[in-house]
Amino acid sequence: MNSSDSHRFDPPGKVAAQGWIEVVCGSMFSGKTEELLRRIKRAHLARQTVLLFKPRVDSRYDAVKVVSHEGLNADAFPVATASAMLERAAQVPLATVIAIDEVQFFDDAIVDAAQSLAGRGLRVIAAGLDQDSRGRPFGPVPALMAVAEYVTKLHAVCARCGAPGTRSQRLVAAEGQLFVGGFADYEARCRACFVPHVDG
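So for the sequence shown, the working numbering puts the first residue at -17; every next one is plus one.
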């Protein structure tokens, strides 16, 4: 199921024996983390046990919380690898929802980990950038989108012209794909206003 940022996704009923994967993706400042936290809040209201994970490399706003650019936050487990996430999840057998923020910072093993969790009957929610600052597919996100039952692609607002922002414009001269930044380092751009970042 595909939906735009004009439609909110709410899964059908409680987590059943059959699990699934949800992906929330888009550019910087499109509201991905806010949407992830909204879904987590609804799961808590449904009295489901939720485990929230974040990549250890992302400590922009807090080392042990997922924090949106707007300041919304929730306690999380920072992990360096997909296997570390699986190990932690195994310690909480009553968990029915696994949420992962900034999933693009994990390696490809996160796809198999999400598949394994969903195969065990858990609801897996992964949020992250679908494109990097060069406008290319970012890390494991495309593969997660391919195997997910539900995909929600959100749009920001282009900082130049106000059109739907679908790309993340890097504003600093840092090299490499995995550069963690915020308002001072990136802005949302539409296709027409976007200039792909070139290393070097």
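Glycine included, C-beta positions come from ideal geometry on N, C-alpha and C. Since the model is a prediction, treat every value here as computed from it, not as a measurement.
Inset, instruction - In the DSSP assignment, find the unbroken alpha helix (DSSP H) run with Glu131 in it and report its ends. - result: The residue you call residue 131 lines up with position 149 of the sequence shown. Glu131 -> no alpha helix (DSSP H), and no H or E assigned at all.
Legend entry - Touching by the beta-carbon criterion (3+ pairs, under 8 Å), the stretch 138 to 153 and the stretch 19 to 29: no
Legend entry - Proximity below 8 Å, CB of Ala108 to CB of Ala96: Taking the first residue of the sequence shown as position 1, residue 108 is located at position 126. Taking the first residue of the sequence shown as position 1, residue 96 is located at position 114. Taking 8 Å as the Cβ cut-off, Ala108 and Ala96 qualify as a contacting pair.
Legend entry - Among Asp114, Val48, Ser98, the one whose alpha carbon lies nearest that of Arg20: Working through the sequence shown from its first residue, we reach residue 20 at position 38. Of the listed residues, the one whose Cα sits closest to Arg20 is Val48.
Inset, instruction - Might you give, ordered along the chain, the residues of its own chain that have their beta carbon closer than 6 Å to the beta carbon of Ser50, omitting 5 neighbours on each side? - result: Reading the sequence shown from its first residue, position 68 is the one you call residue 50. Closer than 6 Å at Cβ, skipping near neighbours: Thr15, Glu16.
Legend entry - CB contact flag (Val106, Glu169, <8 Å): Along the sequence shown, one-based indexing puts residue 106 at 124. Along the sequence shown, one-based indexing puts residue 169 at 187. Going by C-beta atoms, Val106 is not nearer than 8 Å to Glu169.
Inset, instruction - Can you tell me the Cβ-Cβ gap for Val6 and Leu136, rounded? I've got them flagged as a contact below 8 Å. - result: As a first step, residue 6 must be located in the sequence shown, where it is residue number 24. As a first step, residue 136 must be located in the sequence shown, where it is residue number 154. 7 Å between Cβ atoms; contact.
Legend entry - Among Glu131, Arg24, Phe176, Ala128, the one whose alpha carbon lies nearest that of Arg142: Along the sequence shown, read from residue 1 onward, the residue named residue 142 stands at position 160. The residue with the shortest Cα to Cα distance from Arg142 is Phe176.
Legend entry - Separation of Val154 from Ala128, as counted between CA atoms: Taking the first residue of the sequence shown as position 1, residue 128 is located at position 146. Taking the first residue of the sequence shown as position 1, residue 154 is located at position 172. So the two alpha carbons sit approximately 32 Å from each other.
Legend entry - Candidates Leu54, Leu33, His179, Val79: closest to Val183 by CA position: Look at the range of the chain in this structure, -17 to 182, and you will see that residue 183 is not part of it.
Inset, instruction - Ignoring anything shorter than 4 residues or poking outside the stretch 55 to 129, list the alpha helix (DSSP H) runs there in chain order. - result: 64 to 72, 91 to 101, 123 to 129
Legend entry - Collapsed DSSP secondary structure at Ala138 in the structure displayed: Stepping through the sequence shown from its first residue, residue 138 is reached at position 156. Note: Ala138 maps to strand in three-state DSSP.
Inset, instruction - Could you tell me which residues DSSP pairs with Val32 in its beta bridges? - result: Position 50 of the sequence shown holds residue 32. Beta-bridge pairing links Val32 to Val79.
Legend entry - Cβ neighbour criterion (16 or more within 10 Å) applied to Lys23: For the purposes of this step, residue 23 is taken as the residue at position 41 of the sequence shown. That one is exposed.
Inset, instruction - Under the assumption that Gly111 contacts Phe120 (Cβ atoms under 8 Å), give the Cβ distance between them as a whole number of angstroms. - result: For this step, residue 111 is matched to residue 129 along the sequence shown. For this step, residue 120 is matched to residue 138 along the sequence shown. Checking the sequence, you will find Leu at residue 111 rather than Gly. So it is a contact: roughly 5 Å between Cβ atoms.
Inset, instruction - Compute the distance between the beta-carbons of Ala100 and Phe35, then report whether it is under 8 Å. - result: Position 118 of the sequence shown, counted from the start, is the residue given in the question as residue 100. Position 53 of the sequence shown, counted from the start, is the residue given in the question as residue 35. Going by C-beta atoms, Ala100 is not nearer than 8 Å to Phe35.
Legend entry - Per-residue DSSP class, three states only, for Arg149: Residue 149 sits at position 167 when you count from the first residue of the sequence shown. Arg149 falls in the strand class under three-state DSSP.
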